[in-house]
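Colleague: There's a structure below that I have some questions on.
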DNA sequence: CATTTAAGATTACATTTGTAATCGTTCTTT
DNA sequence: AAAGAACGATTACAAATGTAATCTTAAATG
C-alpha cells in the first residue's frame, strides 16, 4: 500500500517512461543509452522490478511489452519533495531556498520566477 | 573523498550528533528513544558504520566514547539539496517551490520570508 | 575478590539494490 | 524446416541496509 520505494536506478527507468509513454523495453534501452552505461539486461531487470512494485505496468504488444507508468510524475515529485523538505528543513521551503541561494547562484530569471510565483500566491490567497 | 552515502537510519543518528555534540552512545540512544523504536544495539551498529564511513568520529572518555560529526549539517544539506533538485527539478528551485506551494499550503509567514529572501538577494546582486 | 553489568567489537542474517547472465520460447531468417 | 536472434522470466551474486544478538573486556557491585 504505502509508497513502494523506488531505487535510484529504477527511477532513471521510470523517468524514461514518464517522457515516452508507452515504451517498449528496447525503447527504454535506446533512450537510456545516451547517458547511462547500462547493459540491456540490467534495464530489463529494472523494468521487471518496477512492475513487481506496482509502479509501472505493461500491455502485451505481440511479443514485446509496452510499458507505462502507473504513478504520475507530479505525484511522485510532490511526495519526495515533502519527505525531503521534512527531513532536512523541518518542512519549511524557505530555508531550502535560502541555502540553495547561497550555494548555487540564483539567476535573475530564477528570482523573477520566484517573484512571479509569490505574486500569484498573494493574488490567490487574499 | 566522495560523498560517503549516508543511509536513512544512519542519518537519524547523525542528526542527533548535530544537535548534541559530542554525545555518548547512550546519549544518542536516549535522544532517539523518543521517536524511534530502535534497539540500543541497532544504534551502536549505526554509530559504528558512521565511524567507518568517516562521517563521525569519537574520543575515548574512560570506557565510553564521545562521538561527534565530522561533516557540517549545512554542507550535507547543501549537497543533498543540490542532488535532489537536480534529480527532480532539473536543478531549478522555482518549480520545486511552485510544486510545494500547490501541494502543501504556504503560510503568509512563509511567503513573507521568501519575499524577504528575494529582497535580500536583489540588494546583494545589483 | 567474585560476579554481574555495561561498552564497544564482531558476527548474523534477511532484504534491497546494482548489475548482469542464463533459460525457455517465440519470431526471423536462411 | 533448421538455426539463430530477440523477448521476457528466472537465477545470480556481491554490496548496502535494517535490525539485532553474541563476544570480549573492563568497570561496578555485592
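Chains as they are written, first to last, in our numbering: chain P, -8 to 117; chain B, -8 to 117.
Beta carbons: idealized from backbone N, C-alpha and C, even for Gly.
1) For the stretch 59 to 79 of chain B, which residues have a beta carbon sitting closer than 8 Å to at least one beta carbon of chain P?
2) Pull up the CB-CB distance for residue 57(P) and residue 14(P), whole angstroms please, since I reckon it's below 8 Å.
3) When DSSP labels each residue in this structure, what does residue 60(P) get in the three-state scheme?
4) List the endpoints of the continuous beta strand (DSSP E) containing residue 25(B).
5) Within the continuous beta strand (DSSP E) that includes residue 51(P), where are the two ends?
6) Per DSSP, residue 55(P) is paired with what?
7) Which chain B residues are close to residue 4(P), counting only those with a beta carbon under 9 Å from its beta carbon?
8) Tell me the DSSP secondary structure of residue 74(B) in three-state form.
9) Can you tell me whether residue 16(B) is buried or exposed, with buried defined as 16 or more other CB within 10 angstroms of its CB?
10) My assumption, with CB atoms under 8 Å, is that residue 76(B) sits in contact with residue 91(P). Please give the rounded CB distance.
11) Given a cut-off of 7 Å on the beta-carbon distance, is the pair residue 69(B) and residue 94(P) in contact?
12) Could you check the C-alpha separation between residue 62(P) and residue 9(P) for me, to the nearest Å?
13) Report yes if the C-beta distance between residue 46(P) and residue -5(P) is below 7 Å; otherwise report no.
14) List, in chain order, every chain P residue whose beta-carbon is nearer than 9 Å to that of residue 10(B).
15) Using beta carbons (cut-off 7 Å, strictly below), is residue 41(B) in contact with chain P?
16) Quick one: is residue 109(P) near chain B, going by C-beta distance under 7 Å?
17) Using a Cβ-Cβ cut-off of less than 7 Å, list which residues of the stretch 91 to 108 of chain B approach chain P; keep chain order.
18) Report yes if the CB atom of residue 19(P) is closer than 7 Å to the CB atom of residue 31(P), and no otherwise.
19) Could you tell me which residues DSSP pairs with residue 107(P) in its beta bridges?
20) Less than 7 Å between the C-beta atoms of residue 37(P) and residue 0(P), yes or no?
21) Between which two residues does the alpha helix (DSSP H) carrying residue 36(P) extend?
22) Counting along the chain, where does the alpha helix (DSSP H) carrying residue 86(B) start and finish?
23) Let's test the definition: count the other Cβ atoms within 10 Å of the Cβ of residue 51(B) and tell me whether it reaches 16, buried, or not, exposed.
24) Anything in chain P within Cβ reach of residue 85(B), meaning under 8 Å, just list it in chain order.
25) Could you say which of 84(B), 64(B), 53(B) and 72(B) lies nearest to residue 108(P) if we only look at CA atoms?
Modeller: Walking through what the data contain:
1) Of all residues in the stretch 59 to 79 of chain B, only 65, 68, 69, 71, 72, 73, 75, 76, 78 and 79 place a beta-carbon less than 8 Å from a beta-carbon of chain P.
2) 7 Å
3) In the three-state DSSP reduction, residue 60(P) falls in the strand class (E or B).
4) Note, residue 25(B): premise wrong, no beta strand (DSSP E); not H, not E.
5) Boundaries of the beta strand (DSSP E) around residue 51(P): 47 to 52.
6) 52(P)
7) Within 9 Å Cβ-Cβ: nothing; residue 4(P) doesn't reach chain B, min ~14 Å.
8) helix
9) Counting of Cβ neighbours within 10 angstroms places residue 16(B) among the buried residues, the total reaching 16 or more.
10) 7 Å
11) In contact: residue 69(B) and residue 94(P) (Cβ atoms closer than 7 Å).
12) 9 Å
13) yes
14) None at all; the shortest Cβ gap to chain P is about 12 Å.
15) no
16) For residue 109(P), the answer is yes, since a Cβ of chain B falls inside 7 Å of its Cβ.
17) 91, 92, 94, 95, 97, 101, 102, 104, 105, 106 and 108
18) No, the Cβ-Cβ distance between residue 19(P) and residue 31(P) is not below 7 Å.
19) DSSP lists no partner for residue 107(P).
20) yes
21) 31 to 43
22) Start and end: 84 to 94.
23) exposed
24) At a beta-carbon threshold of 8 Å, the residues of chain P lying near residue 85(B) are 101, 104, 105 and 108, ordered along the chain.
25) 84(B)
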